[in-house]
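Asker: Each number in this note's numbering comes from the position in the sequence shown (counting from 1) with 151 added on.
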Amino acid sequence: MIVKDAALTPLGVLVLGLLREGDMHPYEMARLLRARRDDRIVSITNGTLYHTVARLHAQGLLDEVGVDRDGNRPERTTYTLTPSGYAAVGDWVRRELGVTGRPATFRVALAEAHNLDRAEAVELLTARRALLSQDLAAHVEGLAGAASRSVPE
C-alpha cells in the first residue's frame, strides 16, 4: 500500500537518506547512524528504527530486496529506496530547510541538505536567514516598545 503525502518523522528522513546511498538492512542503518553521530540529533533505538523501517515499507517508500542469514545470526531483510522514497527525502528537506520555528527538524534537514542541489540548498538557507532576521527585528522592536512603556515617570 502506498500512502500519498506520507508524514515523515526525522528518523524516517534519516533512514531514507541512508538508502539513497545504497541498499541495506536495519542493523547496518543503525550502525551507520550511530557511527555518523546522527544519534545526537535524533534518538535512535533499535525498536524505533525497526518500527520506522516497517512504517516506511508500508507507505511504499522502501522495498525489500532480499533476506540473508550470516551463520547463526537472525535473518536480515535488506531494503532499497523506491522512487517515491527517493523523492520524499528531497521534498521533506525542501519543506523544512527554509523555515523557522522547528529547530529539531531543521537539524535533520541541514544534515540531509546534501540530497539537494547545492544552489537550491543555498537558496533555501538564504531564505531561512532572511526569516530569522525578520524575527530578530520584530523581537528587538517588541523589547524596545516594552522597555519604553515600563519606564516610571
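Cβ atoms here follow ideal geometry from the backbone N, Cα and C, with glycine treated the same way.
Counting Cβ pairs, one atom from each stretch, are 3 or more of them under 8 Å apart for the region 286-297 and the region 266-275?
Answerer: Not touching, per the Cβ criterion.
Asker: Out of S235, N266, G217, point me to the one whose CA is closest to A209's CA.
Answerer: Looking at the Cα atoms, S235 is the closest of the given residues.
Asker: May I ask you to report which of helix, strand or coil DSSP gives R227?
Answerer: If DSSP states are grouped into helix, strand and coil, R227 belongs with the strands.
Asker: Taking 8 Å as the threshold (C-beta atoms), are L183 and L167 in contact?
Answerer: Going by C-beta atoms, L167 is not nearer than 8 Å to L183.
Asker: Roughly how many angstroms lie between the CA atoms of A281 and G249, to the nearest whole one?
Answerer: Straight-line Cα distance between these residues: approximately 10 Å.
Asker: DSSP three-state call for E292: helix, strand or coil?
Answerer: Looking at E292 - three-state DSSP - the assignment turns out to be helix.
Asker: Does the Cβ of E226 lie closer than 7 Å to at least one heavy atom of the ligand PLP?
Answerer: Among the ligands in the structure shown, none appear at all, so the ligand PLP cannot be discussed.
Asker: Look up V164 in the DSSP assignment and say whether it is helix, strand or coil.
Answerer: Of the three classes helix, strand and coil, the one that applies to V164 here is helix, per DSSP.
Asker: Would you say the region 219-232 touches the region 173-193, given that touching needs at least three Cβ pairs under 8 Å?
Answerer: Output reads yes: the region 173-193 touches the region 219-232.
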